[in-house]
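Participant: To convert, count from 1 in the sequence shown and add 261; that's this note's numbering.
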Amino acid sequence: MLVILSPAKNMHRVPTPPPATRPMFLQQTETLAASMKRYAPFQLESVLKVNPQLALRAFTDIQDWNASIPGSPALLSYHGLSYSALDAATLSREDLTFAQDTLRILSAFYGVLRPLDNILPHRLDFESSFRCCGKIMYEFWGSMLHDAVFQAGAPVINLSSAEYSKAVSRYLRAQDVFITCDFLEFKHGKWCMPATHAKMARGKMARFIVKKRLTAPEQLSLFEEDGYCFSPELSTSSRYVFSRL
262 MLVILSPAKN
272 MHRVPTPPPA
282 TRPMFLQQTE
292 TLAASMKRYA
302 PFQLESVLKV
312 NPQLALRAFT
322 DIQDWNASIP
332 GSPALLSYHG
342 LSYSALDAAT
352 LSREDLTFAQ
362 DTLRILSAFY
372 GVLRPLDNIL
382 PHRLDFESSF
392 RCCGKIMYEF
402 WGSMLHDAVF
412 QAGAPVINLS
422 SAEYSKAVSR
432 YLRAQDVFIT
442 CDFLEFKHGK
452 WCMPATHAKM
462 ARGKMARFIV
472 KKRLTAPEQL
482 SLFEEDGYCF
492 SPELSTSSRY
502 VFSRL
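(1) DSSP beta-bridge partners for residue 453?
(2) So for residue 416, helix, strand or coil by DSSP?
(3) Would you grab the beta carbon distance between residue 387 and residue 344 for me? Rounded to a whole angstrom, and I think it's under 8 Å.
(4) Assign residue 363 to buried or exposed, taking buried as 16 or more other Cβ atoms, counted over all protein chains shown, within 10 Å of its Cβ.
(5) Identify the residues that DSSP records as bridge partners of residue 490: which are they?
(6) Looking only at its own chain, which residues have a Cβ that is under 6 Å from the Cβ of residue 407, when we skip the five neighbours before and after it?
(7) List the endpoints of the continuous alpha helix (DSSP H) containing residue 365.
(8) May I ask you to verify whether the stretch 356–373 touches the stretch 265–280, counting CB pairs closer than 8 Å and requiring at least 3?
(9) Label residue 394 either buried or exposed according to how many other C-beta atoms from any shown protein chain fall within 10 Å of its C-beta, with 16 as the threshold for buried.
(10) Using the DSSP secondary-structure output, state which residues sit across from residue 264 in a beta bridge.
(11) Is it true that the stretch 333–344 meets the stretch 315–322, where meeting means three or more beta-carbon pairs spaced less than 8 Å apart?
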(Lines of atoms letter the chains of each structure in order from A and count residues from 1; the text may use other names and numbers.)
(Lines give C-alpha, C1' and ligand atoms only; values in the text may rest on other atoms or scores of the structure.)
Protein backbone atom coordinates (compact mmCIF):
# COMPACT_ATOMS: atom_id res chain seq x y z
CA MET A 1 0.00 0.00 0.00
CA LEU A 2 1.03 3.60 -0.61
CA VAL A 3 0.16 6.61 1.53
CA ILE A 4 -0.20 10.08 -0.01
CA LEU A 5 0.42 13.31 1.90
CA SER A 6 0.11 17.01 1.14
CA PRO A 7 3.25 19.15 1.22
CA ALA A 8 3.56 22.16 3.52
CA LYS A 9 3.90 25.79 2.50
CA ASN A 10 6.79 26.35 4.92
CA MET A 11 10.14 24.70 4.27
CA HIS A 12 13.62 24.63 5.76
CA ARG A 13 16.98 23.18 4.77
CA VAL A 14 18.35 20.28 6.80
CA PRO A 15 22.01 20.91 7.78
CA THR A 16 23.16 17.28 7.63
CA PRO A 17 20.60 15.35 5.59
CA PRO A 18 20.75 11.61 4.97
CA PRO A 19 21.58 10.47 1.42
CA ALA A 20 18.89 11.81 -0.91
CA THR A 21 17.27 10.38 -4.04
CA ARG A 22 16.29 12.10 -7.27
CA PRO A 23 12.65 13.21 -7.78
CA MET A 24 10.91 11.14 -10.45
CA PHE A 25 9.41 14.13 -12.30
CA LEU A 26 12.44 16.41 -12.30
CA GLN A 27 12.13 17.12 -16.04
CA GLN A 28 8.64 18.55 -15.52
CA THR A 29 9.87 20.50 -12.49
CA GLU A 30 12.62 22.07 -14.58
CA THR A 31 9.98 23.20 -17.08
CA LEU A 32 7.93 24.78 -14.28
CA ALA A 33 10.99 26.45 -12.78
CA ALA A 34 12.08 27.93 -16.12
CA SER A 35 8.62 29.41 -16.60
CA MET A 36 8.36 30.74 -13.04
CA LYS A 37 11.81 32.36 -13.21
CA ARG A 38 10.35 34.82 -15.73
CA TYR A 39 7.90 36.20 -13.16
CA ALA A 40 8.63 39.37 -11.20
CA PRO A 41 7.79 39.48 -7.47
CA PHE A 42 4.59 41.47 -8.04
CA GLN A 43 3.45 38.89 -10.60
CA LEU A 44 4.12 36.03 -8.19
CA GLU A 45 2.15 37.92 -5.56
CA SER A 46 -0.85 37.78 -7.88
CA VAL A 47 -0.65 34.22 -9.22
CA LEU A 48 0.39 32.63 -5.91
CA LYS A 49 -2.14 34.72 -3.96
CA VAL A 50 0.36 35.74 -1.27
CA ASN A 51 1.49 38.96 0.41
CA PRO A 52 4.48 40.96 -0.90
CA GLN A 53 6.88 39.47 1.65
CA LEU A 54 6.03 35.88 0.71
CA ALA A 55 6.10 36.79 -2.98
CA LEU A 56 9.63 38.14 -2.59
CA ARG A 57 10.70 34.95 -0.83
CA ALA A 58 9.12 32.85 -3.58
CA PHE A 59 10.93 34.97 -6.17
CA THR A 60 14.29 34.48 -4.42
CA ASP A 61 13.70 30.74 -4.03
CA ILE A 62 12.85 30.21 -7.69
CA GLN A 63 15.74 32.35 -8.91
CA ASP A 64 18.09 30.26 -6.75
CA TRP A 65 16.51 26.97 -7.81
CA ASN A 66 18.71 24.66 -9.84
CA ALA A 67 18.30 20.92 -10.27
CA SER A 68 22.01 20.35 -9.69
CA ILE A 69 22.08 22.05 -6.26
CA PRO A 70 22.02 19.69 -3.25
CA GLY A 71 18.89 20.25 -1.20
CA SER A 72 17.24 18.29 1.59
CA PRO A 73 15.09 15.15 1.71
CA ALA A 74 11.43 16.06 1.23
CA LEU A 75 10.14 14.50 4.45
CA LEU A 76 12.61 16.55 6.49
CA SER A 77 12.22 19.76 4.46
CA TYR A 78 8.53 20.52 4.92
CA HIS A 79 7.51 22.31 8.10
CA GLY A 80 3.87 22.46 9.14
CA LEU A 81 1.33 20.90 11.49
CA SER A 82 1.25 17.51 9.74
CA TYR A 83 5.02 17.31 9.51
CA SER A 84 5.51 18.38 13.12
CA ALA A 85 3.20 15.55 14.15
CA LEU A 86 4.99 13.11 11.86
CA ASP A 87 8.31 14.23 13.41
CA ALA A 88 10.53 12.72 10.72
CA ALA A 89 13.71 13.93 12.43
CA THR A 90 13.22 11.29 15.13
CA LEU A 91 12.67 8.39 12.72
CA SER A 92 15.38 5.74 12.58
CA ARG A 93 17.24 4.83 9.39
CA GLU A 94 15.09 1.69 9.20
CA ASP A 95 11.95 3.82 9.58
CA LEU A 96 13.09 6.09 6.75
CA THR A 97 13.76 3.08 4.53
CA PHE A 98 10.20 1.87 5.10
CA ALA A 99 8.84 5.40 4.61
CA GLN A 100 10.70 5.67 1.30
CA ASP A 101 8.75 2.67 0.02
CA THR A 102 5.41 3.63 1.55
CA LEU A 103 4.90 7.41 1.73
CA ARG A 104 4.41 9.76 -1.21
CA ILE A 105 4.12 13.55 -1.02
CA LEU A 106 2.04 15.21 -3.73
CA SER A 107 3.42 18.50 -5.02
CA ALA A 108 2.35 21.03 -7.63
CA PHE A 109 6.06 21.75 -8.24
CA TYR A 110 7.66 18.30 -8.02
CA GLY A 111 4.68 16.07 -8.87
CA VAL A 112 5.18 13.05 -6.61
CA LEU A 113 7.96 12.91 -4.03
CA ARG A 114 9.40 10.05 -2.03
CA PRO A 115 10.50 10.96 1.51
CA LEU A 116 14.22 11.02 0.65
CA ASP A 117 13.91 12.84 -2.66
CA ASN A 118 16.19 15.86 -2.84
CA ILE A 119 14.24 19.14 -2.99
CA LEU A 120 14.86 22.87 -2.68
CA PRO A 121 12.62 25.61 -1.21
CA HIS A 122 9.76 26.54 -3.52
CA ARG A 123 6.19 27.82 -3.38
CA LEU A 124 3.48 26.56 -5.70
CA ASP A 125 0.15 24.89 -5.07
CA PHE A 126 -2.61 23.48 -7.21
CA GLU A 127 -5.04 26.30 -6.47
CA SER A 128 -2.72 29.05 -7.70
CA SER A 129 -3.47 30.77 -11.00
CA PHE A 130 0.10 30.22 -12.23
CA ARG A 131 0.18 28.74 -15.71
CA CYS A 132 2.92 26.84 -17.49
CA CYS A 133 2.59 26.05 -21.18
CA GLY A 134 -0.82 27.73 -20.94
CA LYS A 135 -2.06 25.26 -18.32
CA ILE A 136 -3.01 25.57 -14.67
CA MET A 137 -1.32 23.02 -12.43
CA TYR A 138 -4.12 20.42 -12.48
CA GLU A 139 -3.95 20.51 -16.28
CA PHE A 140 -0.15 20.60 -16.44
CA TRP A 141 0.19 17.41 -14.40
CA GLY A 142 -2.88 15.69 -15.82
CA SER A 143 -3.00 12.03 -14.82
CA MET A 144 0.74 11.79 -14.04
CA LEU A 145 0.30 11.87 -10.26
CA HIS A 146 -2.47 9.27 -10.38
CA ASP A 147 -0.46 7.00 -12.65
CA ALA A 148 2.62 7.28 -10.43
CA VAL A 149 0.91 6.31 -7.17
CA PHE A 150 -1.14 3.52 -8.75
CA GLN A 151 1.71 2.18 -10.88
CA ALA A 152 2.08 -0.96 -8.75
CA GLY A 153 -1.68 -1.46 -8.42
CA ALA A 154 -1.53 -1.33 -4.61
CA PRO A 155 -4.19 0.37 -2.44
CA VAL A 156 -3.61 4.09 -1.89
CA ILE A 157 -4.35 5.64 1.50
CA ASN A 158 -5.24 9.31 1.23
CA LEU A 159 -3.87 11.46 4.05
CA SER A 160 -3.73 14.57 1.86
CA SER A 161 -6.03 17.59 1.67
CA ALA A 162 -8.83 17.91 -0.88
CA GLU A 163 -6.68 20.29 -2.96
CA TYR A 164 -3.98 17.69 -3.44
CA SER A 165 -6.01 14.48 -3.46
CA LYS A 166 -8.03 15.94 -6.35
CA ALA A 167 -4.91 15.64 -8.54
CA VAL A 168 -5.24 11.86 -8.10
CA SER A 169 -8.93 11.19 -7.44
CA ARG A 170 -10.22 12.84 -10.64
CA TYR A 171 -8.50 10.04 -12.61
CA LEU A 172 -9.59 7.07 -10.50
CA ARG A 173 -10.50 3.89 -12.37
CA ALA A 174 -12.90 1.17 -11.28
CA GLN A 175 -10.07 -1.11 -10.18
CA ASP A 176 -8.26 1.52 -8.07
CA VAL A 177 -8.49 1.15 -4.29
CA PHE A 178 -8.41 4.69 -2.91
CA ILE A 179 -9.20 5.13 0.79
CA THR A 180 -9.49 8.54 2.44
CA CYS A 181 -8.91 8.85 6.18
CA ASP A 182 -11.04 11.46 7.93
CA PHE A 183 -10.65 12.55 11.55
CA LEU A 184 -13.92 13.71 13.07
CA GLU A 185 -14.92 15.33 16.35
CA PHE A 186 -18.39 15.60 17.84
CA LYS A 187 -19.15 19.25 18.56
CA HIS A 188 -22.39 21.16 19.01
CA GLY A 189 -24.45 18.07 18.28
CA LYS A 190 -22.77 17.06 15.02
CA TRP A 191 -19.63 15.53 13.55
CA CYS A 192 -17.09 17.97 12.13
CA MET A 193 -13.44 17.93 11.05
CA PRO A 194 -11.48 20.95 12.37
CA ALA A 195 -8.72 21.62 9.86
CA THR A 196 -5.94 22.14 12.40
CA HIS A 197 -6.70 18.93 14.27
CA ALA A 198 -7.10 16.97 11.03
CA LYS A 199 -3.67 18.08 9.79
CA MET A 200 -2.05 16.94 13.01
CA ALA A 201 -3.92 13.63 12.95
CA ARG A 202 -2.79 12.93 9.39
CA GLY A 203 0.80 13.39 10.47
CA LYS A 204 0.29 11.12 13.48
CA MET A 205 -1.29 8.49 11.23
CA ALA A 206 1.61 8.64 8.77
CA ARG A 207 4.09 8.18 11.62
CA PHE A 208 2.00 5.30 13.02
CA ILE A 209 2.05 3.56 9.64
CA VAL A 210 5.83 3.90 9.41
CA LYS A 211 6.64 2.90 12.99
CA LYS A 212 4.28 -0.09 12.95
CA ARG A 213 5.31 -1.13 9.40
CA LEU A 214 1.68 -1.32 8.25
CA THR A 215 1.20 -2.81 4.79
CA ALA A 216 -2.58 -3.32 4.46
CA PRO A 217 -5.55 -0.91 4.76
CA GLU A 218 -7.35 -3.01 7.38
CA GLN A 219 -4.42 -2.47 9.77
CA LEU A 220 -5.24 1.25 9.94
CA SER A 221 -8.10 0.46 12.32
CA LEU A 222 -5.44 -0.09 15.02
CA PHE A 223 -4.70 3.65 15.08
CA GLU A 224 -5.49 5.20 18.47
CA GLU A 225 -3.77 8.53 19.04
CA ASP A 226 -4.90 11.80 20.65
CA GLY A 227 -8.23 10.23 21.56
CA TYR A 228 -9.11 9.12 18.02
CA CYS A 229 -10.26 5.58 17.33
CA PHE A 230 -11.62 3.80 14.28
CA SER A 231 -15.37 4.24 13.82
CA PRO A 232 -16.83 1.34 11.78
CA GLU A 233 -20.35 2.79 11.83
CA LEU A 234 -19.20 6.02 10.17
CA SER A 235 -16.79 4.37 7.73
CA THR A 236 -17.22 2.93 4.25
CA SER A 237 -14.96 0.88 2.00
CA SER A 238 -13.46 4.08 0.55
CA ARG A 239 -13.60 6.29 3.65
CA TYR A 240 -12.10 5.32 6.99
CA VAL A 241 -13.36 7.53 9.81
CA PHE A 242 -11.50 8.01 13.07
CA SER A 243 -13.55 9.86 15.66
CA ARG A 244 -13.25 11.37 19.10
CA LEU A 245 -15.71 13.06 21.40
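Built from N, CA and C at the ideal position, the CB exists for glycine as well. Quick caveat: nothing in here was measured; it's all calculated off a predicted structure.
Facilitator: Quick look at the numbers:
(1) The residue you call residue 453 lines up with position 192 of the sequence shown. Paired residue(s): 446.
(2) Here residue 416 refers to the residue found at position 155 of the sequence shown. DSSP places residue 416 in coil when its eight states are reduced to three.
(3) By one-based count along the sequence shown, residue 387 stands at place 126. By one-based count along the sequence shown, residue 344 stands at place 83. Not quite, the Cβ-Cβ distance comes to about 18 Å (not below 8 Å), so this is no contact.
(4) Within the sequence shown, numbered from 1, the residue matching residue 363 stands at position 102. Label assigned to residue 363: buried.
(5) The count along the sequence shown starts at 1 and reaches residue 490 at position 229. DSSP output for residue 490 lists 504 as bridge partner(s).
(6) Counting from one through the sequence shown, the residue named residue 407 turns up at place 146. Around residue 407: 429, 432.
(7) Your numbering for residue 365 matches position 104 in the sequence shown. Counting along the chain, residue 365 falls outside any alpha helix (DSSP H), though it belongs to the beta strand (DSSP E) covering 364–368.
(8) yes
(9) Against the sequence shown, residue 394 aligns to sequence position 133. That one is exposed.
(10) Here the question's residue 264 lines up with position 3 in the sequence shown. Residue 264 is bridged to 364, 418.
(11) no
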